[in-house]
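Asker:
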Amino acid sequence: KAGVTQTPRYLIKTRGQQVTLSCSPISGHRSVSWYQQTPGQGLQFLFEYFSETQRNKGNFPGRFSGRQFSNSRSEMNVSTLELGDSALYLCASSLGGAGRLGYEQYFGPGTRLTVT
Amino acid sequence: AQTVTQSQPEMSVQEAETVTLSCTYDTSENNYYLFWYKQPPSRQMILVIRQEAYKQQNATENRFSVNFQKAAKSFSLKISDSQLGDTAMYFCAFKGGNEKLTFGTGTRLTIIP
């Protein structure tokens, strides 16, 4: 089975711009979660999508949004980029569904976003 | 809100030795999962081991085992016969009723040849 893929792997943007990151989960996985990883704040949960619906949300401003398509692929959008948005953005997929608390999350390689 | 604390930012150990990484967490919940994830340099994060809070028995996966002390809210990871490939950042994580995965700040482990 192919793993979680994320595109692009690297991105450089300017303050004020917007960016869209993409995540393709493992085949059969219906849950996709997004995380932001920075040296200062560590790994922080952004949001989770399951069957095209946002099921959970972290404490990030509304500039961060996402969506999930019927094939479970997910996109994350950040508008009006700030310097502090520079980070590694990780996507993780899991089966989701009933009894999902202990399900393993499979992580993608991440998208390294640099905001200048 | 749940918090996860890893008090050892960095550790190093000789190859073939045993090393223990510490993790404590804070929660008022009874039903939750704890995880150890490994993030090798420039590689993807992978699950090392998981523990369900209701299970008394400590989880074991080959050379990796945990010491889960529920009352003390402690969840340490022991790596036996350490190998060069174990060099990585190790993150302790908690998932409770809100189903959000909360990570600790990580421990950078270096295995010395």
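Protein sequence lines, in the order shown, are assigned to chains A and B. Position 64 (the first sequence) corresponds to 106 in our numbering; numbering is contiguous. Position 101 (the second sequence) corresponds to 1344 in our numbering; numbering is contiguous. We treat Cβ as the ideally placed atom computed from N, Cα and C, and that holds for glycine.
Once the 5 residues before and after L1327 (chain B) are set aside, which same chain residues still bring their CB inside 7 Å of it?
Answerer: For L1327 (chain B), same chain residues with a beta-carbon under 7 Å away, outside a window of 5 residues either side, are E1258, I1354 and P1356 in chain order.
Asker: Would you report the Cα separation of R51 (chain A) and Q147 (chain A), rounded to the nearest angstrom?
Answerer: 20 Å
Asker: Over the uninterrupted beta strand (DSSP E) stretch that includes I54 (chain A), give me the two end residues.
Answerer: Per DSSP, I54 (chain A) belongs to the beta strand (DSSP E) from Y52 to K55.
Asker: Which bits of chain A does Q1287 (chain B) rub up against, with CB to CB less than 9 Å?
Answerer: G45, V46, L132, Y148, F149, G150, P151 and G152
Asker: Which residue from A:G82, A:Y145 and A:Y77 puts its Cα closest to that of S64 (chain A)?
Answerer: Closest option to S64 (chain A), judged by alpha-carbon separation, among A:G82, A:Y145 and A:Y77: A:Y77.
Asker: Going by alpha carbons, who is nearest to I54 (chain A) out of A:P67, A:Y145 and A:S128?
Answerer: A:S128
Asker: Going by DSSP, name the residue or residues bridged to I1292 (chain B).
Answerer: DSSP, once it has assigned bridges, lists B:W1279 as partnering I1292 (chain B).
Asker: Would a check of beta-carbon distances place T1345 (chain B) closer than 9 Å to chain A?
Answerer: For T1345 (chain B), the answer is yes, since a Cβ of chain A falls inside 9 Å of its Cβ.
Asker: Got a sec, what are the start and stop residues for the beta strand (DSSP E) E117 (chain A) sits in?
Answerer: S116 to V120
Asker: Is the beta carbon of Q1294 (chain B) sitting closer than 9 Å to the one on A1302 (chain B)?
Answerer: yes
Asker: Assuming Q1282 (chain B) and A1336 (chain B) make a contact with CB atoms under 8 Å, what is their CB distance in whole Å?
Answerer: Wrong, their Cβ atoms sit about 11 Å apart, outside the cutoff.
Asker: Checking contacts by CB at 9 Å: is E124 (chain A) closer than that to chain D?
Answerer: No chain D is part of this structure, whose protein chains are labelled A and B.
Asker: Compare the C-beta of F102 (chain A) against all C-beta atoms of chain B and say whether one is closer than 9 Å.
Answerer: no
Asker: Can you round the beta-carbon distance between V1262 (chain B) and I1322 (chain B) to whole angstroms, since I take them to be within the 8 Å contact cut?
Answerer: 5 Å
Asker: Which stretch, first to last residue, makes up the beta strand (DSSP E) that contains F89 (chain A)?
Answerer: G84 to F92
Asker: Which residue comes first and which comes last in the beta strand (DSSP E) that contains E1342 (chain B)?
Answerer: DSSP places E1342 (chain B) outside any beta strand (DSSP E), giving it a letter other than H or E.
Asker: Please list the residues of the segment 1319-1348 of chain B that have a C-beta atom closer than 9 Å to any C-beta atom in chain A, keeping them in chain order.
Answerer: F1334, A1336, K1338, G1339, G1340, N1341, E1342, K1343, L1344, T1345, F1346, G1347 and T1348
Asker: On the three-state DSSP scale, how would you describe D1269 (chain B)?
Answerer: strand
Asker: At least one CB of chain A closer than 9 Å to the CB of R1293 (chain B): is that the case?
Answerer: yes
Asker: By the DSSP assignment, the beta strand (DSSP E) with K99 (chain A) in it spans what residues?
Answerer: T95 to K99
Asker: In angstroms, rounded to a whole number, what distance separates the CA positions of S1308 (chain B) and G58 (chain A)?
Answerer: Taking the straight line joining both Cα atoms gives about 47 Å.
Asker: Identify whether G108 (chain A) lies in helix, strand or coil by the three-state DSSP scheme.
Answerer: Residue state, collapsed to three classes: strand.
Asker: Assign L63 (chain A) to one of three DSSP states: helix, strand, or coil.
Answerer: Strand, per DSSP.
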